[in-house]
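S.K.: Please see the structure below; I have some questions.
Protein chains: 2
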Amino acid sequence: MADEPFRYQQLEQWLLQGIHDERWKPGDRLPSIRELCDQRGLSKATVQHALQRLEAQGLVEVRPKSGHFVSLVPTITKTPRIISRIEAPRPVTVSDLFQDIMRRSAAFDLLPDLHAGALPPGIVVLNRAIGRALRRQRGDDFQYYDEPAGEQLTIQLARRGWPAQPDDLCITSGCQHALFLALMASCQRGDVVAIESPGFYGVLQLLEQLELQVVEVPTSTDTGMDIDALEEILEHWDVRACVVSPAFATPGGALMPMDARQRMMALADRYDLALIEDDIYAESGFSQIPDTLKALDETNRVIHCSSFSKVLSRDLRLGWISGARWHSRILHLKLVTQLASSRYLQQGVADYIEEGGLTSHLRRQRGLLRERRDQLLTSLQAWPVPVRVTIPQGGLAIWLELPDGVNTLAAYPQALDQGIVITPGPLFSVSGEYTNCLRLSFSHPWDEQRSRALS
Amino acid sequence: MADEPFRYQQLEQWLLQGIHDERWKPGDRLPSIRELCDQRGLSKATVQHALQRLEAQGLVEVRPKSGHFVSLVPTITKTPRIISRIEAPRPVTVSDLFQDIMRRSAAFDLLPDLHAGALPPGIVVLNRAIGRALRRQRGDDFQYYDEPAGEQLTIQLARRGWPAQPDDLCITSGCQHALFLALMASCQRGDVVAIESPGFYGVLQLLEQLELQVVEVPTSTDTGMDIDALEEILEHWDVRACVVSPAFATPGGALMPMDARQRMMALADRYDLALIEDDIYAESGFSQIPDTLKALDETNRVIHCSSFSKVLSRDLRLGWISGARWHSRILHLKLVTQLASSRYLQQGVADYIEEGGLTSHLRRQRGLLRERRDQLLTSLQAWPVPVRVTIPQGGLAIWLELPDGVNTLAAYPQALDQGIVITPGPLFSVSGEYTNCLRLSFSHPWDEQRSRALS
Numbered sequence: 001m002a003d004e005p006f007r008y009q010q011l012e013q014w015l016l017q018g019i020h021d022e023r024w025k026p027g028d029r030l031p032s033i034r035e036l037c038d039q040r041g042l043s044k045a046t047v048q049h050a051l052q053r054l055e056a057q058g059l060v061e062v063r064p065k066s067g068h069f070v071s072l073v074p075t076i077t078k079t080p081r082i083i084s085r086i087e088a089p090r091p092v093t094v095s096d097l098f099q100d101i102m103r104r105s106a107a108f109d110l111l112p113d114l115h116a117g118a119l120p121p122g123i124v125v126l127n128r129a130i131g132r133a134l135r136r137q138r139g140d141d142f143q144y145y146d147e148p149a150g151e152q153l154t155i156q157l158a159r160r161g162w163p164a165q166p167d168d169l170c171i172t173s174g175c176q177h178a179l180f181l182a183l184m185a186s187c188q189r190g191d192v193v194a195i196e197s198p199g200f201y202g203v204l205q206l207l208e209q210l211e212l213q214v215v216e217v218p219t220s221t222d223t224g225m226d227i228d229a230l231e232e233i234l235e236h237w238d239v240r241a242c243v244v245s246p247a248f249a250t251p252g253g254a255l256m257p258m259d260a261r262q263r264m265m266a267l268a269d270r271y272d273l274a275l276i277e278d279d280i281y282a283e284s285g286f287s288q289i290p291d292t293l294k295a296l297d298e299t300n301r302v303i304h305c306s307s308f309s310k311v312l313s314r315d316l317r318l319g320w321i322s323g324a325r326w327h328s329r330i331l332h333l334k335l336v337t338q339l340a341s342s343r344y345l346q347q348g349v350a351d352y353i354e355e356g357g358l359t360s361h362l363r364r365q366r367g368l369l370r371e372r373r374d375q376l377l378t379s380l381q382a383w384p385v386p387v388r389v390t391i392p393q394g395g396l397a398i399w400l401e402l403p404d405g406v407n408t409l410a411a412y413p414q415a416l417d418q419g420i421v422i423t424p425g426p427l428f429s430v431s432g433e434y435t436n437c438l439r440l441s442f443s444h445p446w447d448e449q450r451s452r453a454l455s
Numbered sequence: 001m002a003d004e005p006f007r008y009q010q011l012e013q014w015l016l017q018g019i020h021d022e023r024w025k026p027g028d029r030l031p032s033i034r035e036l037c038d039q040r041g042l043s044k045a046t047v048q049h050a051l052q053r054l055e056a057q058g059l060v061e062v063r064p065k066s067g068h069f070v071s072l073v074p075t076i077t078k079t080p081r082i083i084s085r086i087e088a089p090r091p092v093t094v095s096d097l098f099q100d101i102m103r104r105s106a107a108f109d110l111l112p113d114l115h116a117g118a119l120p121p122g123i124v125v126l127n128r129a130i131g132r133a134l135r136r137q138r139g140d141d142f143q144y145y146d147e148p149a150g151e152q153l154t155i156q157l158a159r160r161g162w163p164a165q166p167d168d169l170c171i172t173s174g175c176q177h178a179l180f181l182a183l184m185a186s187c188q189r190g191d192v193v194a195i196e197s198p199g200f201y202g203v204l205q206l207l208e209q210l211e212l213q214v215v216e217v218p219t220s221t222d223t224g225m226d227i228d229a230l231e232e233i234l235e236h237w238d239v240r241a242c243v244v245s246p247a248f249a250t251p252g253g254a255l256m257p258m259d260a261r262q263r264m265m266a267l268a269d270r271y272d273l274a275l276i277e278d279d280i281y282a283e284s285g286f287s288q289i290p291d292t293l294k295a296l297d298e299t300n301r302v303i304h305c306s307s308f309s310k311v312l313s314r315d316l317r318l319g320w321i322s323g324a325r326w327h328s329r330i331l332h333l334k335l336v337t338q339l340a341s342s343r344y345l346q347q348g349v350a351d352y353i354e355e356g357g358l359t360s361h362l363r364r365q366r367g368l369l370r371e372r373r374d375q376l377l378t379s380l381q382a383w384p385v386p387v388r389v390t391i392p393q394g395g396l397a398i399w400l401e402l403p404d405g406v407n408t409l410a411a412y413p414q415a416l417d418q419g420i421v422i423t424p425g426p427l428f429s430v431s432g433e434y435t436n437c438l439r440l441s442f443s444h445p446w447d448e449q450r451s452r453a454l455s
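Protein chains in written order, with full-length UniProt numbering: chain A, 1 to 455; chain B, 1 to 455.
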């Protein structure tokens, strides 16, 4: 019995074999749950379990009301490799290339000069709400500094397991600003901060700026930070804070499973860590919006950071932070360094959320992102060289591993000459690794022009 | 001849005597320029010169198309006293009261809960321009980070003696944010920074935050920073930077004369100072908009900081910085801590300036502020206690010295209980001085309710 696979495992193997043998080709519809139950003499629960496992591996996709389809990319599902070596904490020195890419801003787009197309309907509605908030300004409103947002944000967050109160939030100029305040409030110069590798390069820049030391935690591009590696690091070194992006982390779109989150919280308690949650991609989840890490925070040590830049509009510059035990220090820091945030803007966005504009926009956006992800993955199947890619269930980008010897950093200026901005792998770490890796965005339609640009 | 006063001085003395003897009472119209020419046998230029000097002293006011009037406040023109003692540099510890007052934000208003009245026409036009910029967003505009403002700002600044280029400017979230970037870029922890005393409390908070040391420079509430005192300080201590507000500095509205500016520039060169110019009040000048200090900067050491918060709307959160030799470091700091600033907002404000909206608004605003200043000063004449006040030619506030023994800091919570926010003198220094002083704003109409609130 012990060696005999479960029934769902048998079905899973059978389906896998069928996909491998191309009985069902990429894009084909699999037999329905009912058909599988009948054909294989299995219960509905067993069939669903097997399909869910295939879905979790990115081999099968659920299309609501249509059934299960073979994912478009089964030939390239090998997950990119990540570092496994752990190195001692060290100061951060970031190359000028970071600044260049951040200034070119796109970073998420291959062809940043391409500004075509009409405004998405969700943004039109948003802009109308902001316009109305501007027209509703009365009397001396414009002479005061304060923060009217919060309530609508807490309603959104409560749906993700965290019953936040408006006073728990502080409005910021985007998520990068929130991360800056979080690190400034929870760390002192020279402190060691654990981060994901590969991970968001903006954090590396903040660490450099604040003269903090970094230790990189090997991070799966599927399931996020390696908790065993984190534990090993915490045993060895005195780590003050850990920046983590549990939901669809850049660059690979990893989603941290619940057991890893719980283990991380327990470690944070044991080693008295500040956990800085970068939640910016969470609402992009194609089939589920994961709970916040903050929802598990019983010891008031998770600093939650996010903004609307990834799922709504970068141009709002509207983010937020909930500072846990460091919150009053964060409020003070924000006040001292910047005073306040736009009230009309917050009011406009709050109205937009309240009237359901955000929910509709996100619904459309998620479908769109999924489509664009598939377009991108499909176009990669035609590539002349073998690649390994992530198949993220959220976020705006995939992580691509090219054959050994390819140097994406060297390719950056060449691509730039042709007006193409790529995000080379080495930017996502200070380890010097990932020279043959690349982050590719699917936040724009994967059209002919971009497709040609890449090849 | 050497001892004989010039003809304009004789006329000035004669007019002063007449005001003193109440031949012309506060609010009275003086004889017209033509009448004075005829009666006193003087040239038009001489009469104008004398009147201009009286105007500069705040004793006489020009009302366009009406003539010259005796200022409403000749009985209280004694300038408040300031510190003359110089103390060694020291770390800054700022009381919680600062944060409280900044959070109550008003700081510039006595009754912050009073939000009545229609929106000023200049703000209505501004909001329309921003609304249009929002509607004009196209395609993927909202997905990019960049800064379209600049050109219109440089046109404004060029009129003030400084031919800035758009690339010289970096957009910030207001002037406090600009000052933060300026200090962070030009100083290291422990450095000594010279500031005005009394001066803007927001700078003290920044120094505390950045762990910089402060040395306070005695500062006249009429003519600004005492350059002799500054020189003495620079001889004694190794000062890294000096924050100065040459145009209508808070709290008193001082305007630094040209010779003081030139001496300050020469000292900055000799002692290799970063000069951080807080220019936020400049455009409020009632009869003249002074040139920027930056206009005198031949050695690339003046960091110019400003925003639209004081003369247009606090709710824009739109400021700028020109970082001189520290500019690239400032650009990097801004990028790392906050990425970008709203593009639609900058576009809206740029359009507003280009279409002449700002110019019209400022013209109306200056007249209004002058009227409100006079209302406030008039109401002070009726006070039961003797006061010394500044009579500023710009800015939004006066500085008020009450009799010795009055403790404005102790009065703060009492006033707060009645819903009144005052800005106690001790907040404008770390010296412990100014306990009997107060900053009073005239940025709101000085109506009955506020008048009662004060007494």
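Where is the CB? At the ideal position from N, CA and C, for every residue including glycine.
For a quick check, are the C-beta atoms of Leu438 (chain A) and Gly425 (chain A) less than 8 Å apart?
M.R.: Taking the first sequence and counting its residues from 1, one reaches residue 438 (chain A) at position 438. Taking the first sequence and counting its residues from 1, one reaches residue 425 (chain A) at position 425. Yes, these two residues count as a Cβ contact at 8 Å.
S.K.: Taking buried to mean at least 16 other C-beta atoms within 10 Å of its own C-beta, is Lys44 (chain A) buried or exposed?
M.R.: Position 44 of the first sequence, counting from 1, holds the residue named residue 44 (chain A). Answer is exposed; the Cβ neighbour count stays below 16.
S.K.: Only counting runs of 4 or more residues, tell me where the alpha helix (DSSP H) segments fall wholly within the stretch 195 to 247 of chain A, in order along the chain.
M.R.: 201 to 209, 227 to 236
S.K.: Is it buried or exposed, Ile171 (chain A), if we count other Cβ atoms within 10 angstroms and call 16 or more buried?
M.R.: Residue 171 (chain A) sits at position 171 when you count from the first residue of the first sequence. So Ile171 (chain A) ends up on the buried side.
S.K.: Candidates A:Asp226, A:Leu380, A:Pro403: which alpha carbon is nearest Ile83 (chain A)'s?
M.R.: Here residue 83 (chain A) refers to the residue found at position 83 of the first sequence. For the residues A:Asp226, A:Leu380, A:Pro403, the minimum Cα distance to Ile83 (chain A) belongs to A:Asp226.
S.K.: If you measure from the beta carbon of Gln174 (chain A) to each beta carbon in chain B, is any gap under 8 Å?
M.R.: Numbered from its first residue, the first sequence carries residue 174 (chain A) at position 174. Reading off the sequence shown, one finds Gly at residue 174 (chain A), where the question assumed Gln. Chain B places a beta carbon closer than 8 Å to that of Gly174 (chain A), counting this residue as a contact.
S.K.: In its own chain, which residues sit with a C-beta less than 7 Å from the C-beta of Pro386 (chain A), not counting the 5 before and 5 after it?
M.R.: The count along the first sequence starts at 1 and reaches residue 386 (chain A) at position 386. Closer than 7 Å at the Cβ level, and outside the excluded window around Pro386 (chain A), lie Pro403.
S.K.: Return the CA-CA distance between Asp100 (chain B) and Arg372 (chain B), expressed in angstroms with no decimal places.
M.R.: Here residue 100 (chain B) refers to the residue found at position 100 when the second sequence is read from its first residue. Here residue 372 (chain B) refers to the residue found at position 372 when the second sequence is read from its first residue. Each residue's alpha carbon lies about 26 Å from the other.
S.K.: Whole angstroms is fine: what's the gap from residue 459 (chain B)'s alpha carbon to Asp168 (chain B)'s?
M.R.: Any question about residue 459 (chain B) goes unanswered here, given that chain B covers just 1 to 455.
S.K.: Does chain D have any CB closer than 8 Å to the CB of Thr154 (chain A)?
M.R.: Here the protein chains are A and B, and chain D is not one of them.
S.K.: Helix or strand or just coil, what does DSSP make of Thr75 (chain A)?
M.R.: Along the first sequence, one-based indexing puts residue 75 (chain A) at 75. Residue confidence for Thr75 (chain A) is low, a pLDDT of 48 falling below 50, so the modelled location carries little weight; the figure read from the coordinates is stated next. Note: Thr75 (chain A) maps to helix in three-state DSSP.
S.K.: Strictly under 8 Å for the Cβ-Cβ distance: is Gly131 (chain A) near chain B by that measure?
M.R.: Counted from its first residue, the first sequence places residue 131 (chain A) at position 131. Judged by the 8 Å Cβ criterion, Gly131 (chain A) is in contact with chain B.
S.K.: Over what stretch of residues does the beta strand (DSSP E) that includes Leu438 (chain A) continue unbroken?
M.R.: By 1-based counting over the first sequence, the position of residue 438 (chain A) is 438. Start and end: 437 to 441.
S.K.: Is it buried or exposed for Trp326 (chain B), if we count other Cβ within 10 angstroms and need 16 for buried?
M.R.: Locating residue 326 (chain B) in the second sequence gives position 326, where the first residue counts as 1. Here Trp326 (chain B) is buried. Its C-beta has 16 or more other C-beta atoms within 10 Å.
S.K.: Kindly list the residues whose CB is nearer than 7 Å to the CB of Leu296 (chain A), restricted to its own chain and excluding five residues on each side of it in sequence; keep chain order.
M.R.: Numbered from its first residue, the first sequence carries residue 296 (chain A) at position 296. Taken in chain order, the residues that qualify are Arg261, Gln262, Met265.
S.K.: According to DSSP, simplified to helix, strand and coil, what is Asp278 (chain A)?
M.R.: Your numbering for residue 278 (chain A) matches position 278 in the first sequence. The answer is strand: DSSP assigns Asp278 (chain A) an E or B state.
S.K.: Is there a Cβ from chain B that is less than 8 Å from the Cβ of Gln143 (chain A)?
M.R.: Along the first sequence, read from residue 1 onward, the residue named residue 143 (chain A) stands at position 143. Low confidence applies here, because Gln143 (chain A) scores a pLDDT of 44, under 50, leaving its location unreliable; read the following figure in that light. It does: the Cβ of Gln143 (chain A) has a partner Cβ on chain B nearer than 8 Å.
S.K.: Verify whether the separation of the beta carbon atoms of Arg306 (chain A) and Cys175 (chain A) is less than 8 Å.
M.R.: Residue 306 (chain A) sits at position 306 when you count from the first residue of the first sequence. Residue 175 (chain A) sits at position 175 when you count from the first residue of the first sequence. Note that residue 306 (chain A) is Ser in the sequence shown here, rather than Arg. Yes; because the gap between Cβ atoms is below 8 Å, this pair is in contact.
S.K.: Where does Ser306 (chain A) fall in DSSP's three states?
M.R.: In the first sequence, counting from the first residue as 1, residue 306 (chain A) sits at position 306. The answer is strand: DSSP assigns Ser306 (chain A) an E or B state.
S.K.: Under 8 Å, Cβ to Cβ, is there at least one residue of chain A near Leu316 (chain B)?
M.R.: Position 316 of the second sequence holds residue 316 (chain B). Leu316 (chain B) counts as touching chain A.
S.K.: For the beta strand (DSSP E) containing Ala397 (chain A), list its first residue and its last residue.
M.R.: Numbered from 1 along the first sequence, position 397 holds the residue referred to as residue 397 (chain A). Element bounds for Ala397 (chain A): 397 to 401.
S.K.: Mind listing the chain A neighbours of Asn127 (chain B)? Cutoff is C-beta to C-beta under 7 Å, in chain order.
M.R.: To locate residue 127 (chain B), count along the second sequence from 1; it is residue 127. Going along chain A in sequence order, the residues near Asn127 (chain B) (Cβ under 7 Å) are Leu134, Arg135, Gln137.
S.K.: Do you know how far the Cα of Pro148 (chain B) is from the Cα of Tyr434 (chain B)?
M.R.: For the purposes of this step, residue 434 (chain B) is identified with residue 434 of the second sequence, where counting begins at 1. For the purposes of this step, residue 148 (chain B) is identified with residue 148 of the second sequence, where counting begins at 1. Tyr434 (chain B) and Pro148 (chain B): Cα-Cα distance of roughly 44 Å.
S.K.: Could you compute how far the alpha carbon of Arg160 (chain B) sits from the alpha carbon of Leu255 (chain B)?
M.R.: Here residue 160 (chain B) is taken as the residue at index 160 of the second sequence, counted from 1. Here residue 255 (chain B) is taken as the residue at index 255 of the second sequence, counted from 1. Whole-angstrom Cα-Cα distance: 15 Å.
S.K.: If you measure from the beta carbon of residue 456 (chain B) to each beta carbon in chain A, is any gap under 8 Å?
M.R.: No statement about residue 456 (chain B) is possible, as the shown extent of chain B runs from 1 to 455 and does not include it.
S.K.: How would you call Trp383 (chain B), buried or exposed, if buried means at least 16 neighbouring beta carbons within 10 angstroms?
M.R.: Mapped onto the second sequence, residue 383 (chain B) falls at position 383. Exposure of Trp383 (chain B) is indicated by the presence of fewer than 16 other C-beta atoms within 10 angstroms of its C-beta.
S.K.: I'd like to know whether the C-beta of Gln338 (chain B) is nearer than 8 Å to at least one C-beta of chain A.
M.R.: Within the second sequence, the letter at position 338 stands for residue 338 (chain B). Yes, because at least one Cβ of chain A sits closer than 8 Å to the Cβ of Gln338 (chain B).
S.K.: Let me know if Pro80 (chain B) comes out buried or exposed under the rule of 16 or more other beta-carbons within 10 Å of its beta-carbon.
M.R.: Along the second sequence, one-based indexing puts residue 80 (chain B) at 80. So Pro80 (chain B) ends up on the buried side.
S.K.: Can you look up Ala254 (chain A) in the DSSP assignment and give me helix, strand or coil?
M.R.: By 1-based counting over the first sequence, the position of residue 254 (chain A) is 254. Looking at Ala254 (chain A) - three-state DSSP - the assignment turns out to be strand.
S.K.: Along chain B, which residues have their Cβ under 8 Å away from the Cβ of Arg343 (chain A)?
M.R.: In the first sequence, residue 343 (chain A) corresponds to position 343, counting from 1. Those within 8 Å of Arg343 (chain A) in chain B are Asp315.
S.K.: Using a Cβ-Cβ cutoff of 7 Å, what residues of the stretch 179 to 202 of chain A are near chain B? List them in chain order.
M.R.: Phe180
S.K.: On a Cα-Cα basis, can you pick out the residue from B:Val70, B:Arg40, B:Leu207 that is closest to Pro91 (chain B)?
M.R.: Position 91 of the second sequence, counted from the start, is the residue given in the question as residue 91 (chain B). Selected option, being the one with the closest Cα: B:Leu207.
S.K.: Out of B:Arg85, B:Leu97, B:Gly27, B:Ala158, point me to the one whose CA is closest to residue 488 (chain B)'s CA.
M.R.: Chain B is shown from 1 up to 455; residue 488 (chain B) falls before or after that span and cannot be answered.
S.K.: Can you check which of these residues, A:Leu376, A:Leu362, A:Gly41, A:Ser429, is closest to Ser287 (chain A) by C-alpha distance?
M.R.: Sequence index remark: in the first sequence, residue 287 (chain A) carries index 287 (1-based). Comparing Cα-Cα distances from Ser287 (chain A) to each of A:Leu376, A:Leu362, A:Gly41, A:Ser429, the minimum goes to A:Leu362.
S.K.: Go through its chain and collect everything with a Cβ distance to Met184 (chain B)'s Cβ below 7 Å, but skip five positions before and after it.
M.R.: Within the second sequence, residue 184 (chain B) is the residue found at index 184, counting from 1. Leaving aside the five residues that flank Met184 (chain B) on each side, the residues in its chain whose CB is nearer than 7 Å to its CB run, in chain order, Leu210, Leu333.
S.K.: For the stretch 347 to 368 of chain A, list every residue whose C-beta sits within 8 Å of some C-beta in chain B, in sequence order.
M.R.: none
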